[in-house]
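A.B. asks: Each residue of the sequence shown is one higher than the one before, starting from 203 at the first, in our numbering.
Note that the Cβ used here is the ideal one computed from N, Cα and C, for glycine as well.
Since we're looking at a predicted model, the values are computed, not measured.
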Amino acid sequence: MLGAAVSLLLVLLSAFLIFRVIGGDPVRAVAGDTPLTPEQQREIRERLGLDDPLAVQFRDYLHQLFTLDWGTSYVSSAPVTELLWARLPATLLLTGTALVLAVSFGVWAGTRAGWRPGSRFDRAQVGIALTLWSAPTFWLGMIVIVVFAVHLGWFPVNGMRSARGVGEGWWPQALDVAHHLVLPALTMAAVVYAQYVLIMRSSIMEERAADHLRVARAKGLRDDVVRRRHAVPNALLPTVTLIGLQLGAVFNGALLTETIFSWPGLGLLFHQAIRVPDVPLLQVLFIFFAGTTILANLAADLLHRFLDPRVRSTA
203 MLGAAVSLLL
213 VLLSAFLIFR
223 VIGGDPVRAV
233 AGDTPLTPEQ
243 QREIRERLGL
253 DDPLAVQFRD
263 YLHQLFTLDW
273 GTSYVSSAPV
283 TELLWARLPA
293 TLLLTGTALV
303 LAVSFGVWAG
313 TRAGWRPGSR
323 FDRAQVGIAL
333 TLWSAPTFWL
343 GMIVIVVFAV
353 HLGWFPVNGM
363 RSARGVGEGW
373 WPQALDVAHH
383 LVLPALTMAA
393 VVYAQYVLIM
403 RSSIMEERAA
413 DHLRVARAKG
423 LRDDVVRRRH
433 AVPNALLPTV
443 TLIGLQLGAV
453 FNGALLTETI
463 FSWPGLGLLF
473 HQAIRVPDVP
483 LLQVLFIFFA
493 GTTILANLAA
503 DLLHRFLDPR
513 VRSTA
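1) Roughly how many angstroms separate the alpha carbons of Ala326 and Leu342, rounded to a whole number?
2) For Leu415 and Gly422, what's the separation of their Cα atoms in angstroms?
3) Would Val277 pass as a contact of Val478 if the rule is Cβ separation under 8 Å?
4) Going by DSSP in three states, Thr297 sits in which element: helix, strand or coil?
5) One question on the structure: do Leu483 and Ser275 come within less than 8 Å of each other, judged by their Cβ atoms?
6) Is the beta carbon of Leu303 less than 8 Å from the beta carbon of Ala391?
7) Please go through the same chain and pick out, in chain order, the residues whose beta-carbon is closer than 7 Å to the beta-carbon of Phe350, but skip the five residues on each side of it.
8) Whole-angstrom Cβ separation of Leu457 and Ser464, contact assumed at under 8 Å?
9) Tell me which same chain residues have a C-beta within less than 8 Å of the C-beta of Val352, skipping the five on either side of it?
10) Compute the minimum distance between the beta carbon of Pro240 and the heavy atoms of the ligand ATP, and state whether it is under 7 Å.
11) Enumerate in chain order the residues of its own chain whose CB-to-CB distance from Glu409 is below 7 Å, with the five nearest sequence positions on each side excluded.
12) From this set, Leu334, Leu400 and Val208, which residue's C-alpha is nearest Arg314's C-alpha?
13) When you compare only the Cα positions, how much space is there between Tyr263 and Val309?
14) Need the endpoints of the alpha helix (DSSP H) that Phe357 sits in, please.
15) If you follow the alpha helix (DSSP H) that Trp341 is in, where does it begin and where does it stop?
16) Using a Cβ-Cβ cut-off of 6 Å (strictly less than) and excluding sequence neighbours within five positions of Ala502, which residues of its own chain qualify?
17) In or out: His382 buried (at least 16 other Cβ within 10 Å) or exposed?
18) Under the rule that 16 or more other beta-carbon atoms within 10 Å means buried, what is Thr333, buried or exposed?
19) Considering only the beta carbon of each residue, do Gly312 and Arg403 sit closer than 8 Å?
20) Kindly identify the DSSP beta-bridge partner or partners of Thr274.
21) Based on Cα-Cα distance, which residue from Phe488, Arg430 and Ala380 lies nearest to Asn454?
22) Using a threshold of 8 Å, state whether the C-beta atoms of Val486 and Val223 are closer than that.
23) What do you reckon, are the CB atoms on Ala280 and Pro466 nearer than 8 Å?
24) My assumption, with CB atoms under 8 Å, is that Phe221 sits in contact with Val481. Please give the rounded CB distance.
25) Do Trp335 and Gln397 count as a contact pair if the criterion is CB distance below 8 Å?
26) Assign Asp253 to one of two classes, buried (16 or more other C-beta atoms within 10 Å of its C-beta) or exposed (fewer than that).
27) Could you pull out every residue in the same chain whose Cβ sits closer than 7 Å to the Cβ of Trp373, ignoring the five residues on either side in sequence?
28) Given a cut-off of 8 Å, decide if Leu296 and Glu460 are closer than it, judged by their beta-carbon atoms.
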């Protein structure tokens, strides 16, 4: 708990300092291509508090964060809070779908591979998992787009909805969103899936030699019953912990995946903001992504202590 609190404080401090060092000229970001007189530039600097001492700026920064008054975007002049709430559902949809796919298929494939080590299925899954794990997300996304969107034409290249429209009613619109979701979700899920396969496979292989499984077999239980009722529940503990650890990584993976597929979530918003740069928006997005990772790791640690009595007894 203390480590997570210290990490969050360091994230807040880093977000304040980094984007003031590399954030460019905020006045130019606000003005865009509009020429400004020296008086107008001074007015903008005074309004943004840029001439205040650094300690005063940091105090105002913390006050805005904790009162949820996160300022106004330099580019769109919209409140940062509104921009985040508008983009968050798209990111949650993408990351949630990718995580569900990765966990479901990863646990199934890892269980089957670990139960029969050395089999053709096991060797194939290990090869696929290692390849996907080592493949850069950007490269994987490009391959998926070229094959399934450009050559085969099965899925749209980018975006979340069709520009031409799909008719009225929630069902056609939901199908349209799902159609656009397939490629980015599969790209994100592929990398995460590889880790679940390898972790679950390793856990199942350890459980195969456990004494309680020998007892279950001696009682005459079928092999699939032994695997389903006795091996899998114990082997799931590292996987459940990994889910918590992966939450932060999945959200951070959205930064690149959303940019590749122009998926209108927080990752694409971060990419657009850093090009300006839009400092108020960048600060909050940086805190969100880094804070999500810290809180997810904390949740995984607490969940591991709750599920594993050995850790609970030594804590």
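C.D. replies: In brief:
1) 19 Å
2) 11 Å
3) yes
4) helix
5) yes
6) yes
7) Trp356, Phe357 and Leu385
8) No, Leu457 and Ser464 are not in contact; Cβ-Cβ is about 13 Å, not under 8 Å.
9) Val359
10) This structure does not include the ligand ATP; it has no bound ligands of any sort.
11) Leu415, Ala433, Asn436 and Ala437
12) Leu400
13) 44 Å
14) Run containing Phe357: none; DSSP gives neither H nor E here.
15) Thr339 to Val346
16) Thr443, Gly446 and Leu447
17) buried
18) exposed
19) yes
20) Pro281
21) Phe488
22) no
23) no
24) 5 Å
25) yes
26) exposed
27) none
28) yes
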